[in-house]
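Beneath this line is the structure, given in structure tokens, with notes to follow.
In my numbering, the protein residues as written are -1 to 155.
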């Protein structure tokens, strides 16, 4: 599946750049009996449905023109915004999120938990500082970057 993701990423990158959007992520996954090719795009201020449709049309046209077909099975193409709880994967994603409220899932417990939500205060090459509310007490946790399984923006309630 990684070759599908790589091929689509290589095709989508210039289309997205031409419109001054950001290519956030590409995934090719099987859900139930169907395959889904998901392309997430964004821009400052957010992306709208017309912009997603435009990128979808252009990308679909490019995919259809490749012979042999890089995706032999039937699939659904979805182009969308990453949403309010956008994943943080690339270094630039984390840099942009400094000062924001984020959700972090860890490979192993740090302290009492493998999951934390808090404000990303500082970002270093090897770790990040997250200010969290632990049972009414505000603490700053230092989390090694290699301990993070997944991270995303979060909505604070």
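Virtual Cβ for every residue (Gly too), placed ideally from N, Cα, C.
All values reported here derive from a predicted model rather than from experimental measurement.
query: Beta carbon of residue 154: closer than 7 Å to some heavy atom of the ligand ADP?
result: Ligands are entirely absent from the displayed structure, and the ligand ADP is therefore not among its contents.
- prompt: Where are the beta strand (DSSP E) runs, 3 residues long or more, that stay fully inside the stretch 52 to 140, in chain order?
  reply: Runs found: 74 to 78, 99 to 108, 111 to 121 and 125 to 132.
C-alpha gap between residue 32 and residue 133, whole angstroms: In the chain shown, the residue the question calls residue 32 occupies position 34. In the chain shown, the residue the question calls residue 133 occupies position 135. Going by the C-alpha atoms only, they are around 43 Å apart.
- request: Going by CA-CA distance only, name the one from 92, 54, 64 and 90 that's closest to residue 185.
  value: Given that the chain is displayed from residue -1 to residue 155, the structure contains no residue 185 and the question cannot be resolved.
field: Cα-Cα separation, residue 62 to residue 10
entry: Position 64 of the chain shown, counted from the first residue, corresponds to residue 62. Position 12 of the chain shown, counted from the first residue, corresponds to residue 10. For residue 62 and residue 10, the distance between alpha carbons rounds to 13 Å.
field: Rounded separation between residue 115 and residue 7 - CA only
entry: For the purposes of this step, residue 115 is taken as residue 117 along the chain shown, with counting starting at 1. For the purposes of this step, residue 7 is taken as residue 9 along the chain shown, with counting starting at 1. Distance from the CA of residue 115 to the CA of residue 7, rounded to the nearest whole angstrom, comes to 30 Å.
task: Taking residue 15 as the reference, give the member of 103, 1 and 49 with the closest Cα.
output: For the purposes of this step, residue 15 is taken as residue 17 along the chain shown, with counting starting at 1. Nearest option by C-alpha distance: 49.
message: Using the Cβ count rule (16 or more neighbours within 10 Å means buried), how would you classify residue 142?
response: Numbered from its first residue, the chain shown carries residue 142 at position 144. With fewer than 16 Cβ atoms within 10 Å of its Cβ, residue 142 is classed as exposed.
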